Amino acid sequence: RKEVEQDPGPFNVPEGATVAFNCTYSNSASQSFFWYRQDCRKEPKLLMSVYSSGNEDGRFTAQLNKASQYVSLLIRDSQPSDSATYLCAVNKGGKLIFGQGTELSVKP
Amino acid sequence: DAGITQSPRHKVTETGTPVTLRCHQTENHRYMYWYRQDPGHGLRLIHYSYGVKDTDKGEVSDGYSVSRSKTEDFLLTLESATSSQTSVYFCAISLDRQTGNTIYFGEGSWLTVV
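Sequence lines, in order, name chains A and B.
Here the first sequence is numbered in our numbering, starting from 417 and rising by one per residue.
Here the second sequence is numbered in our numbering, starting from 371 and rising by one per residue.
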């Protein structure tokens, strides 16, 4: 089993849809979690950090469930500009371990 | 902007040749990392550094070495490049461990080994 696993993609949704990605992790000692956005042939860019139960930034909400060892990302009112790959990362011993990413395509 | 510069950005090299990728940062961050990203594998940590001359291996370190003689530079060397090392390489920095190790990436170096 991989240390960090994400929903397989791609997710193809219409503009305005709400979409949710899940990320499960195996290390129960992890305390910090991150969502990154990566555009094609670009570097990953930090979208959101999650240290406790959750975090919200505009249309983006991240939730953490430590008991079930998963972190989710919810995007409301999705826009074509949200089309990208979303990477989940988990802090393990001071290093970030990444999932494979989930590709999102939002059609106008 | 985390002030990270990677060089070269693109390189094609032949199997068996040595290759060095450079990561330069301008903001005196202590922690630096090298990742590679491949389809089906995502981002995987190669080596990391907690300070000058303080480096350690990540999960895919075989075939790679690193050096950090100055705070601002973290070099990744492929001693004898192989086709399996064709990848995009990202350097990253983190501000400090107290932030939960939030890391910021450079723009990447695309390496093709033929």
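Cβ coordinates follow ideal geometry from the N, Cα and C atoms, glycine included.
All of these numbers come straight from a predicted model, not from anything done at the bench.
Check                                                                                                              : Outcome
Uninterrupted alpha helix (DSSP H) stretches inside the segment 443 to 499 of chain A (no shorter than 4 residues) : none
Interface partners of GLU397 of chain B on chain A, CB under 7 Å                                                   : Those do not exist, as GLU397 of chain B stays about 16 Å from chain A at its closest Cβ, beyond 7 Å.
N- and C-terminal bounds of the beta strand (DSSP E) containing VAL420 of chain A                                  : 420 to 422
7 Å Cβ cutoff met for THR501 of chain A and GLN454 of chain A                                                      : yes
CB contact flag (GLU477 of chain B, GLU459 of chain A, <7 Å)                                                       : yes
Neighbourhood of GLY373 of chain B by C-beta, 6 Å cutoff - its chain only, sequence neighbours within 5 removed    : GLN395, THR396, GLU397
Buried or exposed (CB count within 10 angstroms, at least 16 for buried), CYS504 of chain A                        : buried
Closest Cα partner of ASN481 of chain A within the set A:CYS456, A:TYR467, A:VAL435, A:GLY425                      : A:TYR467
Local Cβ density within 10 Å of LYS423 of chain B, reported as buried at 16 or more and exposed below that         : exposed
ARG492 of chain A and THR434 of chain A closer than 7 Å at C-beta                                                  : yes
Start-to-end residues for the beta strand (DSSP E) that takes in PRO430 of chain A                                 : 427 to 430
Contacting residues, own chain, Cβ-Cβ under 7 Å from ASN471 of chain A (five flanking each side not counted)       : MET464, SER465, ALA478
Proximity test, Cβ basis, 7 Å: THR425 of chain B and chain A                                                       : no
Beta bridge counterpart(s) of ALA462 of chain B as assigned by DSSP                                                : B:TYR403, B:PHE475
ASP443 of chain B versus TYR418 of chain B: straight-line alpha-carbon distance, rounded                           : 12 Å
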